[in-house]
Each structure stands twice: as C-alpha cells, then as structure tokens.
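Notes to accompany the following structure.
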Amino acid sequence: MRLSPDEMIFLRDGLFKLNATIVYTWGLMLALTVGSTLVTRNLSLGPTRSRWQNLLEIIVTGIVKQIEDVGLRDPKKYLGFLGTLFLFVASANLCAIIPGYEPPTGSLSTTAALALCVLVAVPLFGIEEQGLGEYLKTYTEPTIIMLPFNIISELSRTLALAVRLFGNMMSGTMILAILLTITPFIFPIMMSALGLLTGMVQAYIFTILAAVYIAAVTRGRDPRGEADTKIDV
Amino acid sequence: MDNATLIAIASIFTAGLTIALGSIGPALGEGRAVATALSSLAQQPDAAATITRTLFVGLAMIESIAIYCFVVSMILIFANPFWTHFVAEAAGK
C-alpha cells in the first residue's frame, strides 16, 4: 500500500524522479494561474458581472473577511500569502473527487514546504510591522527564561502544521483504500464525501492558524491590538 | 523466535496500542469541546460565528493529536526503519 503520492513515479532519469506529487502540484498551479488569469482578463465594475468574476469575488471577499475576523487589522496586505495558501490547499484537497488524482497535500514534502513558508513568513511580517529589535524582544516575553521555549514552540508548531495536514489527507486516502477492499459499495462514497469535508476544514484551519501566528507577531504591544484581543476572547 | 518475528510483533502490537490509546484522549477532549460550544451557542446565539470558528480551529488542533498517533502507527506498519534495516541486512547476507 502506498503511504503517499511520492511513491507513484511517472518518469525516472538517474537521480531525477517525476512523481505524482510534483505532477499534480504543477497541474494545480497551472490550473489556478490560468483560470484566474482568464477570469480577471476583463473585469467589470458595473452591475453586470460574469459568473466567474462573481465566484472569484465571493472567494476573495470571504478570505478577507475571515482574515479580518482573526484580528489582522490590514487584511489586504496578507491576502496574497494567506489567500494563496488557502486556495492551493483547498483546491488540492477538493480535486480528490477527480478519479486517478491523488492530493499532493497527502505527501509530507508538500505540507512541509507549506509549513516552512509559514515559518519564514511569520517573522518577516513581524519584523516589517514592529522592526527587528521589537520583534526579537517578543521572544523574551514574559521573561528571558522563556526564550528557548518560545523558539521551540515556533519550530514545533511548524511541525504540527505540516503533520496535521499530511496526516489528515493521508488518513483520508488510506481509509478509502482499506474500505474499498472490505466493502466496495456505497460506503466508500460516504467516506470520500467526509474526506472532502475534512479537506476543506483542513485548508481553512491551515490558513487560519497561519493568520493567527501572523496576528500574534504583528499585534505586538499596540494598545489598540490589546483591546482587540480582549473583545475577541 | 528470530529477530524479524520480534520486530514484526513489536511493530504491529505497538501500532495498535498507539492508535488505541492515542484516540482516547482526543475523543474525550473533542467531546468536551463540542459540549461546551453547544451550551455556549444555546446561551448566546448571536456569537455563533465566533464560537463556530473557534470550535473548528480548536477541534482541528485537538484532532491533530490523534492524527499524530495515526501517523506514527502508519510509519510503524508501512515505513518501519528497523524493519527496513533488517530486511536490507538479510538481503545483503
């Protein structure tokens, strides 16, 4: 039994291996890029809009609203990063209804790459917002004793992000494969519907957690930010 | 009983134990989280959006503990490093 789409190899040339993860990732990237380019080629500001523009507007405004709800004051600034994460993970998970397709998020390489993006992006956003000194100071809060623990938590939450997405997607395909051998009628359909739901929830969770991490470093000790937190809690 | 049998027994037994014990805690935790969220929803239906969002994020974080156990048990069964090492050694002999 295959544990991840990494092991499904289409082409091999020496050290270079073209596995299913790479193929499907690039396919998705192509589909997303070409699709959004085609839709945004002629946008209209008037009351009549094409249905595709409506679809994209719903998605984009939905993401902006969710980012804002988490507590980021300037959601448009983070839309590029967080929106890309959400769209990629969501489309990777949703395309699982296409026969023969395996979600590239079911491979630890993909999810680790995505989690590393978050690991790098969070300090960058923090430094941009507060300055290097202020950002580094957040590591020593509340006391200097907490410094190693803060660094460990930074790393462990990256690991958690990667393993969570990988585990959820991998377990989905795994359970489906096991069920197909036991009860190959109707029941796998229900489980794959559940898998689609899990995929969407995981895409949402991934994005929201990244947004929460960014919010935690950009909020800083801004008094207005503190007030926001209190209302949220 | 040779080494291969021992490794196989230990791996399979531990995989079962991992997923069995590892799903008890998250199950209890998720039950508590959902129960509390439902009673808060009943008390404050206005805050439904916030409660639901926090519930989903929280559930995913609790659930990920069970998922870690699942990943570990899958590694034990399908990608066991000790087993691979032993098989490679046996093949080399």
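As they're listed, the protein sequences go chains A and B.
One gets our numbering by counting positions in the first sequence from 1 and adding 225 to each.
One gets our numbering by counting positions in the second sequence from 1 and adding 21 to each.
For glycine and all other residues, C-beta sits at the position ideal for the given N, C-alpha and C.
Query                                                                                                                                                                                        : Result
Excluding the five sequence neighbours on either side, which residues of its own chain have a C-beta within less than 8 Å of the C-beta of A/G401, listed in chain order?                    : The amino acid at residue 401 of chain A is misidentified as Gly; the sequence shows Leu. Within the same chain, A/L401 has close Cβ partners P413, M416, S417, G420.
Answer with yes or no whether the minimum CB distance from B/I30 to chain A is below 7 Å.                                                                                                    : no
Does the contact criterion of 3 or more C-beta pairs under 8 Å hold for the region 87–105 of chain B versus the region 36–50 of chain B?                                                     : yes
Which ranges would you report for the alpha helix (DSSP H) in the region 279–322 of chain A if only whole runs of at least 4 residues count?                                                 : 300–319
Identify whether B/I98 lies in helix, strand or coil by the three-state DSSP scheme.                                                                                                         : helix
Per DSSP, what kind of secondary structure is A/L243 in: helix, strand or coil?                                                                                                              : strand
Check whether the Cβ of B/F99 lies closer than 7 Å to any Cβ atom in chain A.                                                                                                                : yes
What first and last residue would you give for the alpha helix (DSSP H) that runs through A/F235?                                                                                            : Unbroken run through A/F235 is the beta strand (DSSP E), 234–238; no alpha helix (DSSP H).
Could you tell me if A/F235 is buried or exposed, where buried requires 16 or more neighbouring beta carbons within 10 angstroms of its beta carbon?                                         : exposed
To which residues of the same chain is A/L405 closer than 8 Å at the C-beta, ignoring the five residues directly before and after it?                                                        : P413
Give the residues of chain A in contact with B/V78, contact being defined as C-beta atoms less than 9 Å apart.                                                                               : Y429, I430, I433, L434, V437
By Cβ distance, which residues of its chain are closer than 7 Å to A/A315, with the 5 residues on each side in sequence left out?                                                            : M425, A428
Which value, in whole angstroms, describes the spacing of the CA atoms of A/Y344 and B/M22?                                                                                                  : Before going further, note that residue 344 of chain A is Leu rather than Tyr in the sequence given. Looking at the two C-alpha atoms, the distance is approximately 47 Å.
Residues of the region 337–356 of chain A with a CB closer than 7 Å to any CB of chain B: list them in chain order, please.                                                                  : none
Is A/A317 closer than 7 Å to A/T330 when the C-beta atoms are compared?                                                                                                                      : yes
Is the beta carbon of B/A87 closer than 7 Å to that of B/G52?                                                                                                                                : no
Does any CB atom of chain B fall closer than 7 Å to the CB of A/N393?                                                                                                                        : yes
Looking at A/T432 and A/L310, is the spacing between their C-beta atoms short of 7 Å?                                                                                                        : yes
Please report the distance separating the alpha-carbon of A/F374 from that of A/P348.                                                                                                        : 16 Å
Counting pairs of beta carbons, one from the region 385–404 of chain A and one from the region 265–277 of chain A, are three or more of them closer than 8 Å?                                : no
What residue range is occupied by the uninterrupted alpha helix (DSSP H) comprising A/I369?                                                                                                  : Segment: none, A/I369 is in no alpha helix (DSSP H) and carries neither H nor E.
Please check if any C-beta of chain B sits within less than 7 Å of the C-beta of A/L228.                                                                                                     : yes
Three or more C-beta pairs under 8 Å: does that hold for the region 355–371 of chain A against the region 335–342 of chain A?                                                                : no
For the region 332–392 of chain A, which segments carrying the alpha helix (DSSP H) assignment without a break, of at least 4 residues, lie completely within its bounds, in sequence order? : 333–355, 357–362
Which residues in chain B sit within 7 Å of A/A387, going by Cβ to Cβ distance?                                                                                                              : What A/A387 touches in chain B: nothing, since even the nearest Cβ is about 11 Å away.
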